[in-house]
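Take a look at the structure set out below.
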Amino acid sequence: MRFDRFTLKAQEAVQEAQNIVLENDQQQLDVEHLMLALLEQSEGVVLSILQKLGANTAAIKKATFEEIQKRPQVSGAGAGELYLTPRFNQVIDSAFDQMEELQDQYVSTEHLLLAISGESDGAASAILRGEGVTRDAILKALVDIRGSQRVTDQTPEDKYQALEKYARDLTELA
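Right under this line is the structure:
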């Protein structure tokens, strides 16, 4: 995995996914761990996308956590060792494909979300679909959030919706 091609938020999400695996006494890093990590980024683009789509983020988070709880736990020898599932690797590969398709230079959290939503048989993608979150819907929301900006450095999220973050609508205030 080429972490030098990930944005800082994407790196943080993968690191947090690893922490979630270990906190739950599990060994396999899977897509649902990554999705929960993305959902836990309070300042992340993923929550903005889901909120823009009208998805119930609390329900998605709860369902994802419940799915993680179904996974086998380990203790004793071997506990603390971490293995990537083939599904996780496929999602990472797909995130790189999403990056290239959007003509970006780094894998960002939105690429990870697009990759997760594009999975055909995973629990995480089923949870998203249950809330009406599809790849096409994510792409439309992404246009609103980042406009025509490309991911050209490791901190693109700081530039998204800068006007909404730092300006006041004087018409609305009048």
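Quick note on this note's numbering: the sequence shown kicks off at 6 and runs consecutively.
Backbone N, C-alpha and C fix where the C-beta goes; we use that ideal spot for every residue, glycine too.
All figures in this text were calculated on a predicted structure; none of them were measured in a lab.
Span separating the alpha-carbon of residue i from that of residue j
i: residue 101; j: residue 78; result: 30 Å
i: residue 19; j: residue 8; result: 9 Å
i: residue 103; j: residue 67; result: 27 Å
i: residue 202; j: residue 73; result: As shown, the chain starts at 6 and ends at 179. That puts residue 202 outside it, with no answer to give.
i: residue 136; j: residue 80; result: 35 Å
i: residue 16; j: residue 23; result: 11 Å
i: residue 54; j: residue 138; result: 9 Å
i: residue 159; j: residue 43; result: 16 Å
i: residue 116; j: residue 99; result: 8 Å
i: residue 118; j: residue 71; result: 19 Å
i: residue 170; j: residue 76; result: With a pLDDT of only 48 at residue 170, under the threshold of 50, the placement of this residue in the model should not be trusted, and no figure is reported.
i: residue 129; j: residue 39; result: 9 Å
i: residue 28; j: residue 12; result: 24 Å
i: residue 64; j: residue 90; result: 25 Å
i: residue 52; j: residue 62; result: 7 Å
Helix, strand or coil at residue i according to DSSP, with G and I counted as helix
i: residue 133; result: helix
i: residue 89; result: strand
i: residue 34; result: strand
i: residue 141; result: helix
i: residue 82; result: coil
i: residue 151; result: helix
Contacts around residue i, its chain only, beta-carbon distance under 8 Å, and the 5 residues preceding and following it disregarded
i: residue 157; result: 109, 110, 111
i: residue 25; result: 38, 41, 42, 73
Residues near residue i in its chain [Cβ-Cβ closer than 7 Å; skip 5 each side]
i: residue 10; result: 111, 112
i: residue 14; result: 46, 49, 113, 114, 162
i: residue 127; result: 36, 92
i: residue 149; result: 57
i: residue 69; result: 37, 40, 41, 44, 129, 132
Contacting residues, own chain, Cβ-Cβ under 6 Å from residue i (five flanking each side not counted)
i: residue 21; result: 42
i: residue 133; result: 122
i: residue 147; result: 115
i: residue 33; result: 88, 90
Inter-stretch contact (C-beta, 8 Å, three-pair minimum) for the stretch 134-150 and the stretch 44-58: yes
The stretch 104-113 / the stretch 82-89 touching (three or more Cβ pairs under 8 Å): no
Whole alpha helix (DSSP H) elements within the stretch 91-137, 4-residue minimum: 91-106, 114-122, 128-135
Entirely enclosed alpha helix (DSSP H) segments - the stretch 9-77, minimum 4 residues: 13-28, 36-44, 50-57, 62-74
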